[in-house]
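Residue numbers (our numbering): 92 to 562. Report on the following structure.
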Ligand code: AMP
Ligand code: ZN
């Protein structure tokens with residue numbers, strides 16, 4: 092059973108071959124814990140979770156490591172601007188460590204709601220300052236780094252091929268928005284990046300450490316190189332992150348890691364494309380941003396959001412709207428209801444289970460094609476197999492999909508009775524109101540709103556579309 096992964100490094104879908112047979116070393120860029128994760132960030136973690144689980148499902152022994160960025164990530168990925176953690180601490184009148192603890196816990200609470208497995212190793216950057224200093228010392232000794240204006244920089248002119256992810260121009264690579272961009276005059280080359288700061292033109296970090304170059308703090312990129320090597324060694328199979336991480340973060344990680352090691356570091360680069368809202372980029376700086384808690388407040392099941400993500404391919408941008416989530420929720424509930432109606436009694440046909448497991452690896456293992464996995468699930472429901480066998484197959488698929496497909500059988504049955512009916516009614520009314528507004532029949536639109544309110548349903552017009560909740 093082979094797994095295929097689109098490798099951003101070669102820009103091709105490749106058969107996955109690990110460095111050591113049967114084992115996978117996998118690293119994921121973790122969150123910057125200065126605020127809640129938005130559901131865009133979580134799209135990346137959901138899809139990376141599926142990648143990890145399909146590898147395990149296919150029989151690989153996976154070790155996955157994730158860092159927690161609690162120092163060094165500035166408000167621009169390009170090394171300029173204020174420190175994000177410091178900004179967060181100021182905003183909430185707390186210490187940087189309090190902010191880091193609070194938002195790390197919040198991140199894992201969100202992940203749990205979305206059935207995202209916690210990686211085998213989770214390491215905050217502030218745990219590894221000694222390792223960062225050691226790596227920087229070696230880079231200086233090998234001539235890949237220099238000291239200027241009291242900071243240590245990586246010298247990108249020492250590399251033959253800095254743009255490892257292709258020949259695109261920087262604007263194309265720079266998917267993330269650049270905020271606060273100012274040129275740093277200490278840099279010898281435009282793309283040089285800071286390994287160690289002792290002086291920033293912004294207010295200084297609250298957390299600082301001794302180093303051979305003075306009291307200071309690390310740059311952002313160094314942490315992922317060090318933390319991954321600390322736990323996974325010098326050879327890595329898969330490195331994951333959102334597409335905005337490709338440049339400059341991952342480009343810089345590769346530059347410093349391979350200069351330090353003197354050999355190729357990571358074979359496969361897995362990048363998840365962005366979730367956007369209807370206005371474009373999803374951002375944490377806008378007032379009310381989209382979090383898992385917000386979805387819950389509006390009555391959505393976080394797992395329905397996971398289902399929404401799994402319906403699309405990770406290498407395509409995905410646009411979020413409440414209407415789209417509403418639709419996904421409806422489909423998800425109906426699917427759960429069909430599964431809940433399966434009779435658990437009966438003899439499981441184990442050879443059929445094995446046959447479908449192999450088909451599932453072929454489907455989802457083909458570059459994390461989650462929608463093919465869901466299609467296969469519907470195919471199973473349509474077969475002539477007995478209900479017990481169908482349940483066993485679905486249970487097995489759900490190890491990877493993690494959609495609670497067999498959970499809360501009774502609850503799902505109940506919900507699908509009353510709620511599905513109410514939901515269909517509300518959605519029809521929303522459509523009717525939309526049509527009335529289009530025809531400029533605002534009186535009718537208001538009437539529909541009042542009609543719904545009478546039934547205890549409140550509707551709101553938001554940028555992402557119409558949302559409804561119970562009053
Ligand atoms: P951060 O907390 O900013 O370090 O980001 C955490 C993860 O979310 C990184 O892997 C980013 O690449 C990813 N990410 C950021 N914005 C989005 C988005 N709109 N959609 C999907 N992933 C994103
Ligand atoms: Zn990283």
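Glycine included, C-beta positions come from ideal geometry on N, C-alpha and C.
Beta-carbon proximity list for residue i, same chain, < 6 angstroms, skipping 5 on both sides
i           : result
residue 135 : 333, 363
residue 109 : 115, 328
residue 530 : none
residue 542 : none
residue 282 : 247
residue 343 : 284, 312
residue 232 : none
residue 508 : Any reading at residue 508 needs caution, since the residue's pLDDT is 49, under 50, leaving its predicted position unreliable; the model's value is listed next. Answer for residue 508: no residue qualifies.
residue 551 : 558
8 angstroms contact criterion, which residue i and residue j should meet: CB distance rounded
i           : j           : result
residue 163 : residue 314 : 7 angstroms
residue 149 : residue 94  : 6 angstroms
residue 381 : residue 129 : 5 angstroms
residue 387 : residue 557 : Rounded, the Cβ-Cβ distance is 19 angstroms, inconsistent with contact.
residue 491 : residue 464 : 7 angstroms
residue 375 : residue 126 : 5 angstroms
residue 451 : residue 488 : 6 angstroms
residue 296 : residue 174 : 6 angstroms
residue 416 : residue 391 : 6 angstroms
residue 433 : residue 481 : 6 angstroms
Paired residues, beta bridge with residue i - DSSP
i           : result
residue 118 : 156, 330
residue 104 : 97
residue 243 : 238, 287
residue 308 : 288
residue 368 : 371
residue 409 : 366
residue 165 : 174
Close beta carbons around residue i, own chain, < 8 angstroms, minus the five adjacent residues each side
i           : result
residue 310 : 163, 170, 284, 285, 286, 287, 288
residue 324 : 116
residue 365 : 131, 134, 266, 333, 334, 335, 372, 373, 408, 409
N-terminal and C-terminal residue of the beta strand (DSSP E) that residue i is part of
i           : result
residue 312 : Looking at the DSSP string, residue 312 is not in any beta strand (DSSP E); the run it does join, the alpha helix (DSSP H), is 312 to 323.
residue 548 : 548 to 553
residue 358 : 357 to 363
residue 124 : Element bounds for residue 124: n/a, residue is neither H nor E.
residue 565 : One cannot answer for residue 565 here, as it falls past the ends of the chain, which runs 92 to 562.
Contact set for residue i: own chain, Cβ-Cβ below 7 angstroms, skip 5 residues either direction
i           : result
residue 500 : The pLDDT assigned to residue 500 is 46, lower than 50, so where the model puts this residue is not dependable, and the model offers no usable value.
residue 404 : 460, 462
residue 528 : 536
residue 304 : 238, 243, 287, 289
residue 236 : 227, 230, 243, 244, 245, 246, 286
residue 476 : 440, 443
residue 278 : 244
residue 467 : 450, 451, 454
Proximity of residue i and residue j at Cβ, strictly below 7 angstroms
i           : j           : result
residue 96  : residue 351 : no
residue 210 : residue 155 : yes
residue 337 : residue 245 : no
residue 411 : residue 494 : no
residue 124 : residue 159 : yes
residue 143 : residue 153 : yes
residue 393 : residue 104 : no
residue 317 : residue 176 : no
residue 215 : residue 301 : no
residue 437 : residue 479 : yes
residue 486 : residue 497 : yes
residue 439 : residue 145 : no
residue 319 : residue 151 : no
residue 199 : residue 122 : no
residue 141 : residue 298 : no
residue 548 : residue 523 : no
residue 322 : residue 357 : no
residue 423 : residue 484 : no
The ligand NAD heavy atom lying under 6 angstroms from the CB of residue i
i           : result
residue 404 : Absent from the structure shown: the ligand NAD. Ligands present: the ligand AMP and the ligand ZN.
Where the alpha helix (DSSP H) through residue i begins and ends
i           : result
residue 421 : 413 to 431
residue 214 : Unbroken run through residue 214 is the beta strand (DSSP E), 212 to 215; no alpha helix (DSSP H).
residue 448 : 441 to 455
residue 130 : 130 to 148
residue 219 : Counting along the chain, residue 219 falls outside any alpha helix (DSSP H), and DSSP gives it neither H nor E.
residue 393 : 393 to 401
residue 185 : First-last for residue 185: undefined, no H or E at that position.
residue 473 : 461 to 473
residue 479 : 478 to 492
residue 297 : Unbroken run through residue 297: none, as it is neither H nor E.
residue 383 : 383 to 388
Proximity test, Cβ basis, 7 angstroms: residue i and chain C
i           : result
residue 439 : Looking at the structure shown, chain C is missing, and only one protein chain is on hand.
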